[in-house]
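Chains as they are written, first to last, in my numbering: chain A, 280 to 418; chain B, 280 to 418.
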DNA sequence: TCTATTGCGACTATTCTAGTCCTGTTTTCC
DNA sequence: GGAAAACAGGACTAGAATAGTCGCAATAGA
């Protein structure tokens, strides 16, 4: 069973690419090639990141994408939630009324705790951390 | 995005049912009715639990299922892994060789840490705990 | 104006999940 | 022995979700 989806993986890769090429603009084509991502798919991914305000886009010839925020201010949690929405352990909490068994469900509280732990951990990692980690393996 | 699948949810419900009706045998039909689970689907779920050794089955008329282990020895982690396999944050670790980018992936270690945290937490909750929690809401 | 590039919605393909069905085997009871 | 009540297990199907593609409009620079 997998928690992180493909588009999230791609999205993070793209962000790392942008953060690493500090300030310079990169076109979707460039990112796609360097990060091994189908270009059309990447377009959609970048669009989400733009709407979320993590990335800036520039249309037209010589256009492309660049980071809209300081990479130290972008957390992995934010990236994940941008790409695949809030991650829930179980459906209990989703939908309007959730599970009708909720009041007697012995699991709900436990699932909630896990969700919080995950979120807390992912909130602690920033885009800058990822870039640094990558640089570290270069030497 | 959802982490816990339907069959896992059902499987745990079935186990709680069995643990609560201490020692007595219950047929798939009984469990299905009381727990609101499609019976044919439940059959397959119980089979997995049997193969894993968490549940004992008894064929023939008057047959049914009963717990094979002390509910204090069965953890939620075990139930989850029985139903949906080891839960991985990302594909990186699955498949034989995993992701070719692994050696330079700034995320792999982080995903691993999250996986461990989740596993540790779920390992700390037993079937007995769930039953107790359920009993608590009765009063 | 021509070209490179993003924006966006519609569409398709593939995979995964949930659920069903059918046939066989075992056991109990009459 | 035979019928009935159960589990065993594999094949199959429907539907949802994910991944990926395509086409066209809008924009900006040369």
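All C-beta atoms, glycine included, are put in the ideal place defined by N, C-alpha and C.
Since this is a predicted model, take the numbers as computed values, not measurements.
Span separating the alpha-carbon of residue i from that of residue j
i, j, result
"residue 337 of chain B", "residue 307 of chain B", "11 Å"
"residue 380 of chain A", "residue 348 of chain A", "43 Å"
"residue 405 of chain A", "residue 389 of chain B", "11 Å"
"residue 299 of chain B", "residue 401 of chain B", "20 Å"
"residue 426 of chain A", "residue 340 of chain A", "Residue 426 of chain A lies beyond the residue range present for chain A, which begins at 280 and ends at 418; the question has no answer from this structure."
"residue 374 of chain B", "residue 367 of chain B", "A caution first: residue 374 of chain B carries a pLDDT of 49, below 50, which makes its placement in the model unreliable, though a value can still be read off. Distance between the alpha carbons of residue 374 of chain B and residue 367 of chain B: 11 Å."
"residue 335 of chain A", "residue 318 of chain A", "18 Å"
"residue 313 of chain B", "residue 304 of chain B", "14 Å"
"residue 342 of chain A", "residue 295 of chain A", "19 Å"
"residue 403 of chain B", "residue 320 of chain B", "28 Å"
"residue 315 of chain A", "residue 382 of chain A", "47 Å"
"residue 370 of chain A", "residue 281 of chain B", "7 Å"
"residue 399 of chain A", "residue 412 of chain A", "20 Å"
"residue 395 of chain B", "residue 333 of chain A", "29 Å"
"residue 391 of chain A", "residue 352 of chain B", "23 Å"
"residue 302 of chain B", "residue 378 of chain B", "47 Å"
Nearest to residue i (by Cα), restricted to the options the options
i, options, result
"residue 393 of chain B", "A:350, A:292, A:356", "A:356"
"residue 283 of chain A", "A:397, A:415, A:409, A:414", "A:397"
"residue 322 of chain B", "B:310, B:353, B:414, B:350", "B:310"
"residue 414 of chain B", "A:384, A:320, A:305", "A:384"
"residue 331 of chain A", "A:346, A:395, A:342", "A:346"
"residue 354 of chain B", "B:328, B:315, B:378, B:371", "B:328"
"residue 291 of chain B", "B:350, B:378, B:371", "B:350"
"residue 386 of chain A", "B:386, B:320, B:407, B:352", "B:407"
"residue 326 of chain B", "B:302, B:301, B:293, B:352", "B:293"
Distance between beta carbons of residue j and residue i, contact taken as under 8 Å
i, j, result
"residue 344 of chain B", "residue 297 of chain B", "6 Å"
ask   = If contact means a Cβ-Cβ distance below 8 Å, which residues of the stretch 332-357 of chain B contact chain A?
value = Within the stretch 332-357 of chain B, the residues whose Cβ lies closer than 8 Å to some Cβ of chain A are 355, listed in chain order.
query = Taking any Cβ of chain A, which residues in the stretch 386-400 of chain B have a Cβ under 9 Å from it, in chain order?
reply = Within the stretch 386-400 of chain B, the residues whose Cβ lies closer than 9 Å to some Cβ of chain A are 386, 388, 389, 390, 392, 393, 394, 396, 397, 400, listed in chain order.
request  = Specify whether the stretch 283-294 of chain B and the stretch 350-366 of chain B touch according to this definition: at least 3 beta carbon pairs, one from each stretch, less than 8 Å apart.
outcome  = Yes, the stretch 283-294 of chain B is in contact with the stretch 350-366 of chain B.
task = Anything in the stretch 296-314 of chain B with a Cβ closer than 8 Å to a Cβ of chain A? List those residues in chain order, please.
result = Cβ contacts with chain A: none found.
Members of the stretch 405-417 of chain A near chain B, C-beta cut-off 7 Å = Flagged, chain order: 409, 412, 413, 416.
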